[in-house]
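If you read the sequence shown in this note's numbering, its first letter stands for residue 632, the second for the next number, and so on.
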Amino acid sequence: MAIQLPIVDFSPEQRDLWKRVVDLWALSKVREEGQIRSTLHPDYVGWDMSAPLPHDRDAAVHSVSGESPELRGYELHPLSVQVYEGKVGVVHYSYSAMVVPKNATPINVTGRWSEVYLMQGG
Numbered sequence: 632m633a634i635q636l637p638i639v640d641f642s643p644e645q646r647d648l649w650k651r652v653v654d655l656w657a658l659s660k661v662r663e664e665g666q667i668r669s670t671l672h673p674d675y676v677g678w679d680m681s682a683p684l685p686h687d688r689d690a691a692v693h694s695v696s697g698e699s700p701e702l703r704g705y706e707l708h709p710l711s712v713q714v715y716e717g718k719v720g721v722v723h724y725s726y727s728a729m730v731v732p733k734n735a736t737p738i739n740v741t742g743r744w745s746e747v748y749l750m751q752g753g
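What follows is the structure, encoded as structure tokens:
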């Protein structure tokens with residue numbers, strides 16, 4: 632397994648891709664529903680390993696907005712950040728986060744996540 636730490640060893644393309652991941656988590660923390668929706672492709676598919684099936688963009692946006700638990704804090708750790716031919720990016724990372732369900736005790740969650748990005752525009 633190739634672990635690419637520290638981030639200072641990333642190429643400019645890898646750094647930009649990792650920044651996109653970090654920025655999306657920041658939007659999730661402040662619950663910017665419109666911006667989150669606009670960053671995800673209309674045909675987005677993700678999969679929380681605790682769920683029986685993958686979810687779509689609407690479910691992803693709902694999971695970090697509205698009545699969903701508040702994301703109070705988090706740490707992200709890049710494990711692999713790859714950019715292929717300047718067009719496709721694949722990111723694997725681990726995370727730990729504190730979420731606070733409405734009127735409930737905060738919960739610490741940890742996990743691993745993979746994301747695939749397609750460069751569009753410029």
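No residue lacks a Cβ here, since even glycine has one placed at the ideal position from N, Cα and C.
This structure is a prediction, so every number in the text was calculated from the model and none was measured.
For a test of the three-state rule: what should DSSP assign to residue i, helix, strand or coil?
i: H693; result: helix
i: P673; result: coil
i: V747; result: strand
i: V714; result: strand
i: R703; result: strand
i: G665; result: helix
Leaving out the 5 sequence neighbours to the left and right, which residues in its chain are closer than 8 Å to residue i when beta-carbon positions are compared?
i: I634; result: Unreliable placement is indicated for I634, whose pLDDT of 49 sits below 50; no coordinate value is reported for it.
i: S681; result: none
Please list, in chain order, all residues of the same chain as residue i whose beta carbon is under 7 Å from its beta carbon, the five residues on each side excluded.
i: V731; result: P700, E701, R703 and P737
i: L648; result: V712, V714, G720, V722 and Y748
i: A623; result: Nothing can be reported for residue 623: it is not among the residues displayed for the chain, which extend from 632 to 753.
Kindly give me the distance between the Cβ atoms of residue i and residue j, rounded to whole angstroms, as I take these residues to be in contact under 8 Å.
i: Y705; j: Y726; result: 6 Å
i: E644; j: G717; result: 7 Å
i: I638; j: R651; result: Rounded, the Cβ-Cβ distance is 13 Å, inconsistent with contact.
Spell out the partners DSSP gives residue i in its beta bridges.
i: E698; result: Answer by DSSP bridge pairing: none, since E698 is not bridged.
i: D777; result: Here the chain has residues from 632 to 753 only, and residue 777 is not among them.
i: N739; result: M729
Using C-beta distances below 6 Å, list every residue in its chain close to residue i, excluding the 5 sequence neighbours before and after it, in chain order.
i: S707; result: Reading off the sequence, residue 707 comes out as Leu, not Ser. Contacts found: Y724 and Y726.
At least three beta-carbon pairs within less than 8 Å, the stretch 648-659 to the stretch 667-676: At 8 Å Cβ cutoff, the stretches touch.
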